[in-house]
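Note that the protein sequences, when read in sequence, are chains A and B.
FYI, the numbering for the first sequence is 1 to 196, going by full-length UniProt numbering.
FYI, the numbering for the second sequence is 1 to 196, going by full-length UniProt numbering.
By construction, the Cβ of each residue, glycine as well, lies at the ideal position given by its N, Cα and C atoms.
Number of protein chains: 2
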Amino acid sequence: MKKAAGTRLNILQKAFELIYEKGYQTTSIDDILATTQVTKGAFYYHFRNKDEMGIAIINELLKPTLASSFIAPLQNDKNPIEAIYKLIHYLLIEDEFLQVQHGCPVANFTQEMASWNKDFNDALNDITQQWIKTMAAAIVKGKEKGQIRDDINAKQVAMFVTSGYWGIRNFAKLENNKKVYLSYLKELKRYLNTLK
Amino acid sequence: MKKAAGTRLNILQKAFELIYEKGYQTTSIDDILATTQVTKGAFYYHFRNKDEMGIAIINELLKPTLASSFIAPLQNDKNPIEAIYKLIHYLLIEDEFLQVQHGCPVANFTQEMASWNKDFNDALNDITQQWIKTMAAAIVKGKEKGQIRDDINAKQVAMFVTSGYWGIRNFAKLENNKKVYLSYLKELKRYLNTLK
DNA sequence: CTAAAAACATACTAGTTAGTATGTTTTTGT
DNA sequence: ACAAAAACATACTAACTAGTATGTTTTTAG
């Protein structure tokens, strides 16, 4: 039971890349089979149907990535304002997987699937809430340390930041140019400084 | 050439509603024919193909709506900060066409089509830039009137606000509840007040 | 080593898709 | 009133879709 896990992971990873580029609905199972060199029999051995694979991508690929790349940086840093800015900066400018023309995978999935498939909705809400909660917790810590004003609503700010991040990722698709990120980051920095 | 224009408009409107609810790719032409009671012959008389219809929806339905509901309120008001807040509040809370579970039509289209179809991209970028420019112009006016600080970058703020709006519309899909809008609006108001 | 289960392979199906071919009806200008 | 063009109707096609039926091969446990 080792090689089998490899095929499964291979399917998930390649499928995720395709879906990130083309969207879930427009990525056919045959597309996935062609790029993975896996046969239909193997695919349906590992997944009951396409949606089950989609949920597996969220839970087995996106969730761990979230934990390492989105959650951890917020928990370790001393200063939440700097941590949030550095994180968004990293995600927009430095991260090598995320592409400007394809937006945010979680936001994409949400737009396409939420409200049409409860399982997708739940899985996506799960990881999104995790991010928000972590960010809010960091802000609360900052308030306790006196780095952030007392009258700031932590969760409210976390939602506001997340919304902006999702929005700018979608927005940048139109111009297909990272330059809009720089403009956004400037205003984000200004906004974050008003929390002090 | 009067009834014909009616059929065309009927197709565009019903198709737009379907696309807003289900997405562009997953709304089939047969779906549109079924809800409009129009035949395939009529459809393909009016539109060369599905994409041409999609572009027509953007240019002939979304663009005018943008002008009346998104642009005008920003041009008439005396105070840009109030105008922006009132506009976003209206769009999120009061507007009767926009549904929490379906997000923002322009953002949806952008996510689904931009980077895959240049015509869609251009049409969407066109109306988005129009909104941004109008908002930025209102902010510039506010700067001249002394309602907004001198060091504020108008276009930067307009992009920031637009991103947040798109983001929260997508975000609210997950919870399928207008309550998240209230939290967002509170922070938006706080943010807007820092421009003073 | 061997039987059973796990993992994969191939061929097929029924439904859906955008789009076309070829008509008929309706509207329009004169 | 009438021909021409505009507007619409019907039947079809070829490609693609998710999923299944039925195999064969590989792995694993005893």
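Between Y184 of chain A and G167 of chain B, the CB-CB gap reaches or exceeds 8 angstroms.
Ranked by Cα distance from A42 of chain B, the options B:A5, B:D51 and B:F16 are led by B:A5. At least one CB atom of chain B sits nearer than 8 angstroms to the CB of Y184 of chain A. Judged by DSSP in its simplified three-state form, K145 of chain A adopts coil rather than helix or strand.
Cβ-Cβ distances below 7 angstroms link K189 of chain A to Y85 in the same chain, with the five nearest sequence neighbours on each side left out; the list follows chain order. P80 of chain B and E60 of chain B have their alpha carbons spaced roughly 28 angstroms apart. Distance between K155 of chain B and V38 of chain B, taken at the CA atoms: about 44 angstroms.
Contact between T110 of chain B and L174 of chain A holds, since their C-beta atoms are separated by about 6 angstroms, short of 8 angstroms.
In the three-state reduction of the DSSP assignment, Y24 of chain B falls in the coil class. The beta-carbon distance between N117 of chain B and A107 of chain A, rounded to whole angstroms, is 20 angstroms. This is too long to meet the 8 angstroms contact definition. Using a Cβ-Cβ cut-off of 8 angstroms, N177 of chain B is close to nothing in chain A; its nearest Cβ partner there is about 11 angstroms away.
According to the DSSP assignment, V161 of chain A belongs to the alpha helix (DSSP H) that extends over A154 to E175. Scanning the stretch 59-92 of chain B for uninterrupted beta strand (DSSP E) segments of 3 residues or longer gives nothing; none is fully contained. Residue contact with chain A for W166 of chain B: present (Cβ-Cβ distance below 8 angstroms to some residue of chain A).
Closest option to E112 of chain A, judged by alpha-carbon separation, among A:K22, A:A56 and A:I71: A:K22. Here E187 of chain A is buried, its C-beta having at least 16 other C-beta atoms within 10 Å. With contacts defined by Cβ atoms closer than 8 angstroms, L62 of chain B and P105 of chain B form a contacting pair. Contact note: L62 of chain B does not reach chain A at a C-beta cutoff of 9 angstroms; the least C-beta distance is about 14 angstroms. Per the coordinates, the alpha-carbon of D77 of chain B lies some 10 angstroms from the alpha-carbon of L87 of chain B.
Within chain A, the residues F160, Y191 and T194 have their CB atoms less than 8 angstroms from the CB of Y191 of chain B, given in chain order.
With a cutoff of 8 angstroms on beta-carbon distance, A114 of chain B and L98 of chain B are scored as not near each other. The shortest C-alpha to C-alpha distance from R8 of chain B to any of B:D126, B:W131, B:A56 and B:E144 is the one to B:A56. Between the C-alpha atoms of L74 of chain A and H89 of chain A there is a straight-line separation of about 13 angstroms. Non-local C-beta neighbours of F120 of chain B in its own chain, meaning closer than 6 angstroms and more than five positions away in sequence, comprise M113, ordered along the chain. Within the stretch 112-125 of chain A, the residues whose Cβ lies closer than 7 angstroms to some Cβ of chain B are E112, A114, S115, N121, L124 and N125, listed in chain order. Listed along chain A are Q111, each with a C-beta nearer than 7 angstroms to that of N108 of chain B. Each residue's CA atom was taken as its position, placing D122 of chain A and F47 of chain A some 19 angstroms apart.
S183 of chain A: member of the alpha helix (DSSP H) spanning K179 to N193, first to last residue. Per DSSP, the unbroken alpha helix (DSSP H) holding Q111 of chain A starts and ends at P105 to M113. CA-to-CA, the gap between Y191 of chain A and Y44 of chain A works out to about 49 angstroms. A check of alpha carbon separations from K196 of chain B across B:E94, B:E82 and B:S163 identifies B:E82 as the nearest. With respect to Q129 of chain A, I71 of chain A sits apart: the two C-beta atoms are not nearer than 8 angstroms. If the five residues before and after T35 of chain B are omitted, its C-beta is found closer than 7 angstroms to the C-beta atoms of K14 and L18, all from its own chain and listed in chain order. For the stretch 69-102 of chain B, the residues whose beta carbon sits under 8 angstroms from a beta carbon of chain A are, in order, Q101 and H102. Secondary structure of E96 of chain B (DSSP, three-state): coil. The shortest C-alpha to C-alpha distance from L182 of chain A to any of A:K3, A:Y20, A:L92 and A:N10 is the one to A:L92.
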